[in-house]
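Protein chains in written order, with UniProt numbering: chain P, 1 to 287; chain S, 1 to 272; chain C, 1 to 426.
In this text, a Cβ means the ideal position worked out from N, Cα and C, and glycines have one as well.
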Amino acid sequence: MTRRGGLAPIAWLAVLLYALFLVYPLCRSLFLSFTDRNPLKADSTFVGLSNYLDMLDDPRLLATLRFTLLVVVAVTVVANVFGLAFALLLNRNTANYRVMRTLIFIPQVLSGVIVAFIWRSILTQNGLLNAALAQVDARPVAWLGSTDLATVSICAVVSWMTIAFATVVYSAALRTVPPELYEAARVDGAGALERFRAVTLPMIAPGMTINVVLCLITTFKLYDVIAVLTGGGPANTTQSTAYYLLEVAFTQNLFGYSSAIAMLLLALTAGIAYTVTFLLRKREARL
Amino acid sequence: MIRRLHTGFAWLATLLFCLPIYLALVNAFKDQRQILANPAAPPAPFTLGNLTRALQRPDLLVQAGLINSVVVTAASVLILVPLSSALSFYISERTPRVKAALLAMFALGLMVPPQVVLLPIVGLLQTVGLQHTYTGLILANVGGGYLSFAVFVYVGFLRGVPREVIEAARVDGAGDLRVWWQVVFPMVRPATATVAIFLGLWVWNDFLNPLFILGPLKGQTITTGVYLSVGTYSTDYGQLFGIMFLAAIIPVVGYLVSQREFIHGLMSGASK
Amino acid sequence: MPRTRRSVLLSAISTAALLAVAGCTPGESSNGGGTTLTFLTFETPALTAKFWDDSITDATKQLDGVTVKKIVAPTSDRNAYAKQLQASGQFPDVLASINPKDFLDAGLLQPFDQAWLDANFLQPNGNAINGKTYIPPTNSQILPMVFYNKDLFAKHNLTVPTTWAQFADVAAKLKAAGVTPIQLAGAEPWSASMPLVGLVSADVLGKNPNWIKDRYAGKVKFTDPDVVAAVTKQRNLVKAGAFGDGALGVNYADANKQFLDGKSGMYLMGSWFIGQITAAQAKSFGGFLLPTDDGKQIVPFNVGGTTSVNAKSANAAKAAEFAKAWSLSPNNLKTLIETDGAFPMLKTVKLEDFGATVTPVFTDCYKYVQENNTKVSSIGWVNNDDALPPGVADLFYALSQQLFTNDDVKAQLAALDTAWDKAAKK
Numbered sequence: 001m002t003r004r005g006g007l008a009p010i011a012w013l014a015v016l017l018y019a020l021f022l023v024y025p026l027c028r029s030l031f032l033s034f035t036d037r038n039p040l041k042a043d044s045t046f047v048g049l050s051n052y053l054d055m056l057d058d059p060r061l062l063a064t065l066r067f068t069l070l071v072v073v074a075v076t077v078v079a080n081v082f083g084l085a086f087a088l089l090l091n092r093n094t095a096n097y098r099v100m101r102t103l104i105f106i107p108q109v110l111s112g113v114i115v116a117f118i119w120r121s122i123l124t125q126n127g128l129l130n131a132a133l134a135q136v137d138a139r140p141v142a143w144l145g146s147t148d149l150a151t152v153s154i155c156a157v158v159s160w161m162t163i164a165f166a167t168v169v170y171s172a173a174l175r176t177v178p179p180e181l182y183e184a185a186r187v188d189g190a191g192a193l194e195r196f197r198a199v200t201l202p203m204i205a206p207g208m209t210i211n212v213v214l215c216l217i218t219t220f221k222l223y224d225v226i227a228v229l230t231g232g233g234p235a236n237t238t239q240s241t242a243y244y245l246l247e248v249a250f251t252q253n254l255f256g257y258s259s260a261i262a263m264l265l266l267a268l269t270a271g272i273a274y275t276v277t278f279l280l281r282k283r284e285a286r287l
Numbered sequence: 001m002i003r004r005l006h007t008g009f010a011w012l013a014t015l016l017f018c019l020p021i022y023l024a025l026v027n028a029f030k031d032q033r034q035i036l037a038n039p040a041a042p043p044a045p046f047t048l049g050n051l052t053r054a055l056q057r058p059d060l061l062v063q064a065g066l067i068n069s070v071v072v073t074a075a076s077v078l079i080l081v082p083l084s085s086a087l088s089f090y091i092s093e094r095t096p097r098v099k100a101a102l103l104a105m106f107a108l109g110l111m112v113p114p115q116v117v118l119l120p121i122v123g124l125l126q127t128v129g130l131q132h133t134y135t136g137l138i139l140a141n142v143g144g145g146y147l148s149f150a151v152f153v154y155v156g157f158l159r160g161v162p163r164e165v166i167e168a169a170r171v172d173g174a175g176d177l178r179v180w181w182q183v184v185f186p187m188v189r190p191a192t193a194t195v196a197i198f199l200g201l202w203v204w205n206d207f208l209n210p211l212f213i214l215g216p217l218k219g220q221t222i223t224t225g226v227y228l229s230v231g232t233y234s235t236d237y238g239q240l241f242g243i244m245f246l247a248a249i250i251p252v253v254g255y256l257v258s259q260r261e262f263i264h265g266l267m268s269g270a271s272k
Numbered sequence: 001m002p003r004t005r006r007s008v009l010l011s012a013i014s015t016a017a018l019l020a021v022a023g024c025t026p027g028e029s030s031n032g033g034g035t036t037l038t039f040l041t042f043e044t045p046a047l048t049a050k051f052w053d054d055s056i057t058d059a060t061k062q063l064d065g066v067t068v069k070k071i072v073a074p075t076s077d078r079n080a081y082a083k084q085l086q087a088s089g090q091f092p093d094v095l096a097s098i099n100p101k102d103f104l105d106a107g108l109l110q111p112f113d114q115a116w117l118d119a120n121f122l123q124p125n126g127n128a129i130n131g132k133t134y135i136p137p138t139n140s141q142i143l144p145m146v147f148y149n150k151d152l153f154a155k156h157n158l159t160v161p162t163t164w165a166q167f168a169d170v171a172a173k174l175k176a177a178g179v180t181p182i183q184l185a186g187a188e189p190w191s192a193s194m195p196l197v198g199l200v201s202a203d204v205l206g207k208n209p210n211w212i213k214d215r216y217a218g219k220v221k222f223t224d225p226d227v228v229a230a231v232t233k234q235r236n237l238v239k240a241g242a243f244g245d246g247a248l249g250v251n252y253a254d255a256n257k258q259f260l261d262g263k264s265g266m267y268l269m270g271s272w273f274i275g276q277i278t279a280a281q282a283k284s285f286g287g288f289l290l291p292t293d294d295g296k297q298i299v300p301f302n303v304g305g306t307t308s309v310n311a312k313s314a315n316a317a318k319a320a321e322f323a324k325a326w327s328l329s330p331n332n333l334k335t336l337i338e339t340d341g342a343f344p345m346l347k348t349v350k351l352e353d354f355g356a357t358v359t360p361v362f363t364d365c366y367k368y369v370q371e372n373n374t375k376v377s378s379i380g381w382v383n384n385d386d387a388l389p390p391g392v393a394d395l396f397y398a399l400s401q402q403l404f405t406n407d408d409v410k411a412q413l414a415a416l417d418t419a420w421d422k423a424a425k426k
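This is the structure we're talking about:
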């Protein structure tokens, strides 16, 4: 085993960096969540579980959790349904279809900031969509200005980015389905729907697991799209928990409390991601 | 006939989906009046005024931002690829228990939202005097959740690499470093493509880390620069789309050029 | 083939090494011995990038070897951005229009010397917190005023209301005529706060000018009947449709435009909006005070100012010099009078001496400042002892938006009480 030399130092250097920039900050956040740390005060004291108890009595936190879950569920469902539909629609190997598949992915190449700026200029009160509506003498619509529509707008924009990703993953997964399987199913007299259920679905199940889990994880972190598109408004109704915790830190100066919310967010993300992975893997095995 | 109908419908759906991109693209070459009169019209008459105005900003937002983004992205990816592939090879050579423990630790990095670790990272960089430096930002990129992603792609891919090849190289007297470099690294090329492309994209598009770590004084990446410079009340759409166009051109062209690798990478990733 | 790959790896490692050694602080400029100060600003339709650049040039003219690097807050919430910069170790040397109270516990701000304040300002202690001043009291604002469209009022036979009942009646008549009665810039909390600030200042502080001090002492609460009644007035306006559809989607720039384009009859905004009314438009617009139930005139008043100085700056002395020069620069104030509707509060220079061109709307509103009347703190906006505890002003602003969706006024005020107690204690 003397030959191992050389690789171990590199590997442990990586582990060290990871420990410094992920594990340590995580522990530090956990520690801060038990203090009343305020960046604008000199000292902080240990306050036990009081930050966690405060969370129980914070209607705004509850509202952000409700909003976050709504967006996560909506985006996951919409992105996977449309992503799979697009992938099936574009599942042909001619130049035409290759170009289409290339175009579909572009929203995912752009940063959330740019996507949100493009959509903001479309949806804002004096934006392009309302300008187009004015051409046909229709009244302007407050796409970002009424609480319900703003939530729908956020979901739509995030879905738009995510559909791009889901489509490409599903497209890739579809190409792993051997054509003979379809032929065999056809010979057995299976209809289109039956073929989809019996052949396609089991083969793309791993792709679905990846899509669903990545979609969950990325949507839970949602920040930049909200910052640009609505700034959390109107009336704070489009604040994600990830957005709210930074506001708690920088508007209310409550780093301790903000760290406690961060821990909650982490527990939620990890818990849901693990559960969903577990369930989907189990389902993959059954299929 | 049905085939043609299908293709027609597919194009319709694709173009509808890409409409916002079309709008951003054509309006980058129209003046404000043209944009508001008919946002969807093609750019005729055509103007480069938005782009030249964006490039002539006194704060050099576009030029400086692009350079910073290129440096940060290239350095992060160039360090992450060898580091994570070596680490992954090392991990996959360990006993099942050690391997499981290490992977569990790295799984954490996939879950952690950046907001959770952001402030402690800033504090850490301040302690070691690397706040507001590229080095600090690059280190944070290399040691953070991106490493986890790369490790999972590589470890997954290495499962498919036949043991015999590695053992054969060992019998020939090669040390682990050489086995990794000469045997493993070439074999995991598709994984490397996936890792490099995705990390490149994510680092380029990163928002919170550059915003907090670099700060406003030391130059921003293009992504955060755009956020900081386009004010809340800006209704100068020509200017806005001009900046967007210049900010997006590098990743989009990069994607179009590398898309073959990209799809291969995704396929290998998706089927794992 | 292996060679190229090796060179890639080598270059990666050497890049890393290089970066690590160099410490690499990009974009840092030094200017041979002089002092470079950082100045946090923010942009609005009136305070444009050009205004800030010109004002910096003007203020540095008299200072030797000082260059100023401008940092622009990404949104109008420069206060939160200042804290973000502080957390990442880039707290600027000079900061424009922040809430000093938020930063005092950490000792981040340096007070201005009293002799200089006494010598230069009409109300030298207008911005004092515990006897110390962190923003020079250069100008003042009425916050909010009710601006109205004279043409629309004439067209629908309306007169300027002097009591709350008349005000509600005017709103109802405009609504019936198909005009948005009250313009709201509801997209952002600060601008959406105007009706709430107006109502609480007039109805609550108008009766008890010491209400905020009493709130600090725990003698009064937001859930007291008088506050609930004042806030309920706004909720009732919302329910009556007085703000029009989608009011929360309209940002400040859009709201200005809609009001000036005659799409709405009245507009509650700080007196700085006067600067947005051009000379040509001035004959169509006027301003009045938000009426109270009994018609007593209450002026919600705020002594304004711009520059705060970072006490921990390595160049605090130079920063203070710059802050003073900026605040006394007649050119800057002239621009502020013209574009930001600022009512000047300098002892040495009278309004007419600035040579500023102002509209009749300005002179009419300025009378409220000069007249002997009841002035109260504009709640949530003043930066003196009546400033709300850190973070509470933001919650107060947001309450004005929440009133659009939440009918339970008392519960929302109770949440504000809880937040106040928590913030004031810590």
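In the DSSP assignment, A128 of chain C is bridged to C:T133. I142 of chain C and S271 of chain C do touch by the CB rule: their CB atoms are close to 4 angstroms apart, below 8 angstroms. At a Cβ-Cβ threshold of 8 angstroms, D105 of chain C and L40 of chain P count as neighbours. Going by DSSP, L268 of chain C is part of the beta strand (DSSP E) stretching over S264 to M269. Annotated three-state conformation of G206 of chain C is coil, per DSSP. Closest option to N205 of chain S, judged by alpha-carbon separation, among S:L23, S:Q220, S:T192 and S:S88: S:Q220.
When the Cα atoms are used, T102 of chain P and L47 of chain C turn out to be separated by approximately 44 angstroms. The beta-carbon of S400 of chain C is placed no less than 8 angstroms from the nearest beta-carbon of chain S. Chain order gives no chain C residues near Q239 of chain P, where near means a beta carbon separation below 7 angstroms; the closest approach is about 10 angstroms. In terms of CA proximity to N236 of chain P, C:G249 leads the group C:G249, C:A230 and C:V231. Close to chain C, meaning a Cβ-Cβ distance shorter than 9 angstroms, are the following residues of the segment 9-42 of chain P: D36, N38, P39, L40, K41 and A42. The Cβ of Y237 of chain S sits no closer than 8 angstroms to any Cβ of chain C.
With respect to D58 of chain C, S377 of chain C sits apart: the two C-beta atoms are not nearer than 8 angstroms. A distance of 8 angstroms or more separates the beta carbons of L174 of chain C and G275 of chain C.
Residue contact check for V116 of chain S against chain C: no CB pair falls below 8 angstroms. By the C-beta criterion, the segment 119-128 of chain P is judged not to be in contact with the segment 66-79 of chain P, since fewer than 3 inter-stretch pairs fall below 8 angstroms. Taking the Cα positions, E183 of chain P is about 33 angstroms away from V188 of chain S. Taking C-beta atoms as the reference points, A41 of chain S and G242 of chain S fail to come closer than 8 angstroms. Closest by C-alpha distance to A205 of chain P, out of P:A185, P:V228 and P:R175, is P:R175. Contact with chain S is found for W119 of chain P, since one of that chain's Cβ atoms lies less than 8 angstroms from the residue's Cβ. Taking A75 of chain S as the centre and dropping the five residues before and after it, the same chain places the C-beta of I138 closer than 7 angstroms to its C-beta, in chain order. Contact annotation, V382 of chain C with N302 of chain C: C-beta distance approximately 5 angstroms; criterion of less than 8 angstroms satisfied. The Cβ atoms of P39 of chain S and N27 of chain S sit closer than 8 angstroms to each other. A Cβ-Cβ contact shorter than 8 angstroms links I121 of chain S with F21 of chain P.
Look at G200 of chain S here: in three-state DSSP terms it is helix.
Against T138 of chain C, chain P offers no close residue; the least beta-carbon distance is about 26 angstroms (beta-carbon pairs closer than 9 angstroms).
Ranked by how close their Cα comes to the Cα of A119 of chain C, the residues C:D93, C:T307 and C:K347 have C:K347 in first place. Within the segment 116-136 of chain S, those residues whose Cβ lies closer than 8 angstroms to any Cβ of chain C are, in chain order, L119, V122, Q126, G129, L130, Q131, H132, T133, Y134 and T135. By the Cβ test, the segment 202-222 of chain C is in contact with the segment 360-378 of chain C, since at least three Cβ pairs between them sit closer than 8 angstroms. Secondary structure note for P114 of chain S: its alpha helix (DSSP H) is the uninterrupted segment P114 to T127.
According to DSSP, M145 of chain C shares a beta bridge with C:M269.
When C-beta atoms of the segment 85-104 of chain S are compared with those of the segment 3-19 of chain P, three or more pairs fall below 8 angstroms, so the two segments count as touching. Within the segment 20-47 of chain S, the residues whose Cβ lies closer than 9 angstroms to any Cβ of chain P are, in chain order, P20, I21, L23, A24, N27, I35, L36, A37, N38, P39 and A40.
Bounds of the beta strand (DSSP E) holding I71 of chain C are V66 to V72. With a threshold of 8 angstroms between beta carbons, G65 of chain S makes no contact with chain C. In the pairwise beta carbon analysis, the segment 90-108 of chain C is classified as touching the segment 309-321 of chain C: at least three pairs are separated by under 8 angstroms.
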